[in-house]
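Here is the structure we will look at, set down as structure tokens.
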Ligand SMILES: [Zn+2]
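Numbering (our numbering), first residue to last: 2 to 331.
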């Protein structure tokens, strides 16, 4: 069963979260494997995407924001795009576009950052926008401050959190064919946090990136968590092993319907709009060679079919398809 656990270190400006996705993750993999045009993910792509799914779940659960969190890696190698979209209720979907060979030994940079042109983007897309409002987006490269290629999704995101949120963050991520899991430890921002009453943190002490001894000690403990442990141990065991000397307060875990879970928001209407945007000529040229236009959703694999009559309807009455207030891509 998939689960997400939140906890606080008592009296310290540090919080943590563990996510462990099992059925949610295998559902995403099963749908991909049954897509006859793509087939299953090559292992390194699968593990990169699983780590992104775990990380995006943690990041969405970590913020108070009414909108989708979209984590994307735009690659310059055989993987062109990997994307995870997590809704405020933690419903999520994910996909990756693989255009070249990826064998079992392929590294992160060999997949998405061959020429140091790869990018990671985090987008916060509000559910209700005022006219003309753009989603917030932060972008970081896949290299460090010395332009060395980063080989871990976790390191890319730690870099992002430090750069754009000014937050010390430690992430441990792991994925295989059964589990996508992650541990997040974060130094709390100084304002607006109820748990700081018992700590010695003062406002004058606000800018302490990298300097908070409590955070640093806990971060070192968190970083000692091995990939195998994260994939195989239950959450209670992980927290006991890492933080047995710390005093932590745990919250009611999110499980089942409240845990991160697979759900796709695709629809026939949206696919229809996409066909309209391709243009009538393109649609007619496909229909001159075959009976249907078939479009498979890349997230869930559902096939949408449009025959000549459906297509004619799309192009004669395109306005009918615009659903006001719907979630539109930009
Ligand atoms: Zn879908």
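Ideal placement from N, C-alpha and C gives every residue a C-beta, glycine not left out.
Quick caveat: nothing in here was measured; it's all calculated off a predicted structure.
Membership of residue 164 in the alpha helix (DSSP H) is indicated by the continuous run 154 to 166. The region 15 to 25 makes contact with the region 176 to 187: 3 or more CB pairs, one atom from each, lie closer than 8 Å. Residue 71 and residue 26 do not touch by the CB rule: their CB atoms are close to 18 Å apart, not below 8 Å. Shown here for residue 267: same chain residues with a beta carbon closer than 7 Å to its own, the five before and five after excluded, namely 298, 300, 301 and 303 in chain order. Residue nearest to residue 243 within the set 129, 220, 13 and 255 is 220 (criterion: CA-CA distance).
Nearest Cα to residue 75 within the set 98, 128, 224 and 42: 98.
When Cβ pairs closer than 8 Å are counted between the two stretches, the region 51 to 68 is seen to touch the region 168 to 180, the count reaching three or more. Setting aside the 5 residues that flank it on each side, residue 153 is surrounded in the same chain by 109, each with a C-beta closer than 7 Å to its C-beta; the list follows chain order. In the structure shown, residue 237 adopts helical secondary structure according to DSSP, grouped into three states.
Counting along the chain, residue 93 sits inside the beta strand (DSSP E) bounded by residues 92 to 99. At a cut-off of 6 Å, the beta-carbon of residue 300 counts as near ligand 1: some heavy atom of the ligand is closer than that. Distances between the C-beta of residue 121 and the heavy atoms of ligand 1 are all 6 Å or more. Ligand 1 has no heavy atom closer than 6 Å to the beta-carbon of residue 99.
Distance from the Cα of residue 164 is smallest, within the candidate group 179, 150, 273 and 146, for 146. Of all C-beta pairs linking the region 284 to 295 to the region 37 to 47, fewer than three are shorter than 8 Å, placing the two stretches out of contact.
Rounded to whole angstroms, the Cβ separation of residue 178 and residue 30 is 7 Å, and the two are in contact under 8 Å. Look at residue 212 here: in three-state DSSP terms it is coil, with no helix or strand label. In the structure shown, residue 262 falls within a strand segment according to DSSP collapsed to helix, strand and coil. Judged by the Cβ position, residue 296 fails to qualify as a neighbour of ligand 1 at the 6 Å threshold, every heavy atom of the ligand being at least this far. Residue 80 has its alpha-carbon roughly 33 Å from the corresponding atom of residue 7. The Cβ-Cβ distance between residue 260 and residue 3 falls below 7 Å.
Contact between the region 80 to 97 and the region 59 to 69 is established, with three or more Cβ pairs separated by less than 8 Å.
Ranked by how close their Cα comes to the Cα of residue 24, the residues 245, 310, 257 and 65 have 257 in first place. In this structure, residue 169 sits away from residue 148, with a CB-CB distance that is not shorter than 7 Å.
Spatial neighbours of residue 52 in its own chain (CB-CB distance under 6 Å, excluding positions within 5 residues in sequence) are listed in chain order as 154, 174 and 176. Of the heavy atoms belonging to ligand 1, none sits nearer than 6 Å to the Cβ of residue 87. Take residue 35, set aside five residues on each side of it, and the residues of its chain with a beta-carbon closer than 8 Å to its own are 302, in chain order. Within the model, the alpha-carbon separation for residue 157 versus residue 106 is close to 20 Å.
A heavy atom of ligand 1 is found nearer than 6 Å to the CB of residue 303.
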